[in-house]
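Following: one structure in structure tokens, then a few remarks.
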Amino acid sequence: MASGSLAGQRNRFARWRGLAPVGVLVLLCVVITVISPNFLSFSNLVRLLSGAAIPLVLVMGATFVILMGSIDLSVEGVVALAAVITSMLVLNDFTSADLGLLAVPVAVVAGGCIGFVNGFVHVRLKIPSFMATLGFGFAGVGVATAILGGFTVRIADRGFRELALGRFLDVPFSVWLAGMAVLVAWVIQERTRLGRWVYAIGTDEVTAKHAGVPVERTRILVFTLAGLFYGLGGALAAAQLGQGHALMGTGRLFTTITAVVVGGTALSGGVGSVLNSVIGVGIVIVLTNGMVLMGIPPYVQQGVQGLMIIVAVALALDRSRLVVVK
Amino acid sequence: MATPLLSRARVQNALPVMALVVLTVIVGTIEPTFLAPANLLVVTADTMTLFLMASGVTFVIMLGCIDLSIQAVASMTSCIVAAMLAQYGFVAVPVAVLAGALSGLLSGYVYVVLRIPSFIATLAVSGVMTTVAYIASDTRSVPIPAEARDAWLFWATGRSLGVPHEIVVGLVVLVVLGGVLALTPFGRYVRAIGSQEQAVHASGIAVGRVKILAFALSGTMAGIAGVVMGARLGSGSPTLANEFLLPAIACVIVGGTAITGGVGSIWKTFIGALTIAVVRIGMTFLGVSVFAQQIVFGLILVAAVALTMDRSKVAVVK
Chain A
60 MASGSLAGQR NRFARWRGLA PVGVLVLLCV VITVISPNFL SFSNLVRLLS GAAIPLVLVM
120 GATFVILMGS IDLSVEGVVA LAAVITSMLV LNDFTSADLG LLAVPVAVVA GGCIGFVNGF
180 VHVRLKIPSF MATLGFGFAG VGVATAILGG FTVRIADRGF RELALGRFLD VPFSVWLAGM
240 AVLVAWVIQE RTRLGRWVYA IGTDEVTAKH AGVPVERTRI LVFTLAGLFY GLGGALAAAQ
300 LGQGHALMGT GRLFTTITAV VVGGTALSGG VGSVLNSVIG VGIVIVLTNG MVLMGIPPYV
360 QQGVQGLMII VAVALALDRS RLVVVK
Chain B
41 MATPLLSRAR VQNALPVMAL VVLTVIVGTI EPTFLAPANL LVVTADTMTL FLMASGVTFV
101 IMLGCIDLSI QAVASMTSCI VAAMLAQYGF VAVPVAVLAG ALSGLLSGYV YVVLRIPSFI
161 ATLAVSGVMT TVAYIASDTR SVPIPAEARD AWLFWATGRS LGVPHEIVVG LVVLVVLGGV
221 LALTPFGRYV RAIGSQEQAV HASGIAVGRV KILAFALSGT MAGIAGVVMG ARLGSGSPTL
281 ANEFLLPAIA CVIVGGTAIT GGVGSIWKTF IGALTIAVVR IGMTFLGVSV FAQQIVFGLI
341 LVAAVALTMD RSKVAVVK
């Protein structure tokens, strides 16, 4: 039957498209190894992994938001605020606090609070998510700057910095932590109702609502969840850099969104997964590392990432579902 | 039937102006020197760069889209003009503005032809433009020599009859773009597409071309804003306009242009820009730190969007 074969073709195409990001990642690795054999050395691989830790944590949150067909532009604000809060709670030169590792859950909860506000305002005031998160993202940077007044907090707590510098089996703790974040996100996606609801909302929100999915509650919950992940990302950033200041989030939004869309999660919602985003982070990190190994100046990266977003979205967009693009 | 005195549309039209007047009076009461004519001139001149950025993006927002690349474009053109002015003279200005226009054209193309949602398309283009800015400036802040500035950028930073030229530039833009939006077919199409895109498409108008043109206009105005900003500060830098994205969009929304498209005008954006300026100065008088002001702008933006948005137009808010 004609329609049957068409559906078959579509399926085959979809499967091919699903594997494309993995192919790109492998191809990138091969090309970079040929140009610079150093790429596969153990120390470079560890460097890659520790560079991937924070982006991995951040994309875990952003993926769920994008799977719903929404967007979260507050990444930088939340990361900055969480990093500043963390740096002020561990042993530092700005406050007299010394909470040690307890600062991490505080930062995570703080991130979750901003996420909750994002979701609550987006849902209750019926404001598009990009506007709500743009506003609160800037507000987050504002709060971080207002607390410090342009000051940079230096972290003196060696124990806390072990989070990023300490190693288990030769791999930094931050990488293990990121791995756990991925596991948690994967379990949420695959094994919980929340995960199924996210896909239902992203595929067709109106139908999902009719089918009894608590759309509003799910949306608020997902934005909160995203905030929790960003909060963890901020704490890790503080541990990695050993400081806290209001511009700690700069550039994080770009990397996060690039990784999610390059991994194959569609901005229109419903298509993709947290594992796609893991591949996406791989692509972004490997490419960045490759450019460094090839001696390309770092400021070119943002431009390359911008082009990657355009290409990836253009390839992945399921245009049959879009009538009017805004 | 006559429109009732307090119809929703009338109230929404009058609200931004009333807000501006009330805020000005409040700030004037706290700090009487604020209302001195000389001070008002300075305040208005300071606001014009923001208005220039916001004026172009008004067209994009009226389509129901967004342009998140204007701050990157303005930074880029400030670098271009700073890098070229001493050597090439006035040619640097059209080149910089053209670069802004091309960036807008690229955003429009990516959005319309590749059908990528505008906030992602412009976010991606902003990354590309930031890289261009770094290349143009060799990754540092580029000073504009005072002689070169006085020779070629006097139209932007000078004073005639006691009036700062920024205000003249702003008023010219207000009149020209206001005219374009209100009187030309292009302006009519922009308004129509924002209200009911499919109907406009069905009536045979090249919707895509109008949209691309609107993004190009937004890029052009951001480009001009970058040149004026660079001229005022006496240097260009790849991060010069970074803090201006949020206030610029806030100007448009606070003025009463709805992000759902269709409703809006350039003078509303002008009022919005002045309102944002008065709020900023009011906060400074009250001792709110410059850093904390971003919080207020973020909240104002969200509140203004919530007030002006036409929810009957969007079935599902994503």
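Going down the list, the protein sequences come from chains A and B. Going by our numbering, the first residue of the first sequence is number 60, and it counts up by one from there. Going by our numbering, the first residue of the second sequence is number 41, and it counts up by one from there. Think of the CB as a built atom: it goes at the ideal place given N, C-alpha and C, for glycine as much as any other residue.
1) With a CB to CB cut of under 7 Å and the five nearest residues on each side skipped, what residues in its chain are close to B/Val51?
2) Grouping DSSP H, G and I as helix and E and B as strand, with all else coil, what is A/Ile279?
3) Short check: CB of B/Leu163 to CB of A/Ile368, under 9 Å?
4) Based on DSSP bridge pairs, tell me the residues matched to B/Ser200.
5) Can you list, in chain order, the residues of its chain with a C-beta nearer than 6 Å to that of A/Gly174? Leave out the 5 residues immediately preceding and following it.
6) Rounding to the nearest angstrom, what Cα-Cα distance links B/Ala346 and B/Gly295 in this structure?
7) I need the straight-line Cα distance from A/Ala244 to B/Leu81, nearest angstrom please.
8) How long is the line joining the alpha carbons of A/Pro80 and A/Ile344, rounded to whole angstroms?
9) With a 10 Å radius around its C-beta and 16 neighbouring C-beta atoms as the bar for buried, classify A/Ile355 as buried or exposed.
10) Closest to A/Ile279 by C-alpha separation, out of A/Ala141, A/Ala296, A/Gln360 and A/Ser188, would be which residue?
11) By DSSP's criteria, B/Gly276 is part of a beta bridge. Which residues make up the other side?
12) So if I threshold CB-CB distances at 7 Å, which residues from the stretch 342-366 of chain A count as touching chain B?
13) For A/Val241 and A/Gly120, what's the separation of their Cα atoms in angstroms?
14) Are the CB atoms of B/Ala114 and B/Gly210 within a distance shorter than 9 Å?
15) In the DSSP output, what is B/Phe331 paired with across the bridge?
16) Would you say A/Val202 reaches chain B, if we count a Cβ-Cβ gap shorter than 9 Å as a contact?
17) Touching or not, the stretch 251-270 of chain A and the stretch 139-148 of chain A, by the rule of three or more beta carbon pairs under 8 Å?
18) Use the C-beta contact count for B/Gly66: other C-beta atoms within 10 angstroms, 16 or more gives buried, fewer gives exposed.
19) With which residues is A/Asn151 paired in a DSSP beta bridge?
20) Ends of the alpha helix (DSSP H) at B/Lys308?
21) For the stretch 316-341 of chain A, which residues have a beta carbon sitting closer than 9 Å to at least one beta carbon of chain B?
22) In angstroms, rounded to a whole number, what distance separates the CA positions of B/Val83 and A/Val359?
23) If B/Ile321 and B/Phe91 are in contact, beta carbons under 8 Å, what's the gap, nearest whole angstrom?
24) Whole angstroms is fine: what's the gap from A/Thr309's alpha carbon to B/Gly202's?
25) Just to confirm my understanding: we take A/Glu135, look at its own chain, exclude 5 residues before and 5 after, and list those with CB closer than 7 Å. What are they?
26) Should A/Pro187 be flagged as near chain B, meaning a C-beta pair shorter than 9 Å?
27) In angstroms, rounded to a whole number, what distance separates the CA positions of B/Phe159 and A/Leu228?
28) Along chain B, in chain order, which residues have C-beta atoms closer than 7 Å to that of A/Ala198?
29) Can you tell me the Cβ-Cβ gap for B/Thr300 and B/Gly96, rounded? I've got them flagged as a contact below 8 Å.
30) Is there a C-beta anywhere in chain A that falls below 9 Å from the one on B/Phe159?
31) Please report the Cβ distance between B/Met102 and B/Arg231, rounded to the nearest whole angstrom; I am assuming they are in contact, meaning their Cβ atoms lie under 8 Å.
32) I'd like to know if B/Met323 contacts chain A, where contact means its C-beta is closer than 9 Å to some C-beta of that chain.
33) Identify each residue in the stretch 174-185 of chain A for which the Cβ-Cβ distance to at least one residue of chain B is less than 7 Å, and report them in chain order.
34) Kindly give me the distance between the Cβ atoms of A/Ala294 and A/Ala139, rounded to whole angstroms, as I take these residues to be in contact under 8 Å.
35) Where does the unbroken alpha helix (DSSP H) through A/Met350 begin, and where does it stop?
36) What are the boundary residues of the alpha helix (DSSP H) that A/Tyr258 is part of?
This is what the structure gives:
1) Once the five neighbours on either side are set aside, B/Val51 has no close Cβ partner at all.
2) Residue state, collapsed to three classes: helix.
3) Yes, these two residues count as a Cβ contact at 9 Å.
4) According to DSSP, which records beta bridges pairwise, B/Ser200 is partnered with B/Val203.
5) Non-local beta-carbon contacts of A/Gly174 in its own chain, meaning distances under 6 Å to residues more than five positions away in sequence, involve Phe282, Thr283, Ala285 and Gly286 in chain order.
6) So the alpha carbons of these two residues sit roughly 13 Å apart.
7) Each residue's alpha carbon lies about 55 Å from the other.
8) So the alpha carbons of these two residues sit roughly 13 Å apart.
9) Its Cβ having fewer than 16 others within 10 Å, A/Ile355 is exposed.
10) Nearest of A/Ala141, A/Ala296, A/Gln360 and A/Ser188 to A/Ile279, Cα basis: A/Ser188.
11) The partner list for B/Gly276 (beta bridge, DSSP) reads B/Val182.
12) Answer in chain order: Tyr358, Val359, Gln361, Gly362, Gln364, Gly365 and Leu366.
13) So the alpha carbons of these two residues sit roughly 10 Å apart.
14) A distance of 9 Å or more separates the beta carbons of B/Gly210 and B/Ala114.
15) In the DSSP assignment, B/Phe331 is bridged to no other residue.
16) Yes, because at least one Cβ of chain B sits closer than 9 Å to the Cβ of A/Val202.
17) Result no; under three Cβ-Cβ pairs closer than 8 Å.
18) Rather than Gly, the amino acid found at residue 66 of chain B in this sequence is Ile. Its Cβ having fewer than 16 others within 10 Å, B/Ile66 is exposed.
19) Its beta-bridge partners are A/Ile214.
20) Here the alpha helix (DSSP H) through B/Lys308 covers Ile306 to Phe325.
21) So the list reads Ile316, Thr317, Val320, Leu326, Ser327 and Gly328, given in the order they occur along the chain.
22) Cα to Cα, the separation comes out at about 37 Å.
23) Contact flag wrong, Cβ pair sits at about 15 Å.
24) Distance between the alpha carbons of A/Thr309 and B/Gly202: 41 Å.
25) Cβ contact annotation for A/Glu135 (same chain, cutoff 7 Å, sequence separation greater than five): Gly196, Val200, Gly308, Thr309, Arg311 and Leu312, in chain order.
26) Among the residues facing chain B, A/Pro187 is included, as its CB has a counterpart in that chain under 9 Å away.
27) Approximately 42 Å, taken between the alpha carbons.
28) Neighbours of A/Ala198 on chain B, chain order: Gln334, Ile335, Gly338 and Leu339.
29) Not really, about 19 Å apart at Cβ, beyond 8 Å.
30) Output row for B/Phe159: interface = yes.
31) Contact flag correct, Cβ pair sits at about 6 Å.
32) It does not; no Cβ of chain A falls within 9 Å.
33) Against chain B - using a Cβ distance shorter than 7 Å - the residues of the stretch 174-185 of chain A are Val180, Leu184 and Lys185.
34) Their Cβ separation, rounded to whole angstroms, is 12 Å, which puts A/Ala294 and A/Ala139 out of contact at 8 Å.
35) That run of the alpha helix (DSSP H) goes Val333 to Leu352.
36) If you look at A/Tyr258, you'll find it in the alpha helix (DSSP H) that goes Arg252 to Thr262.
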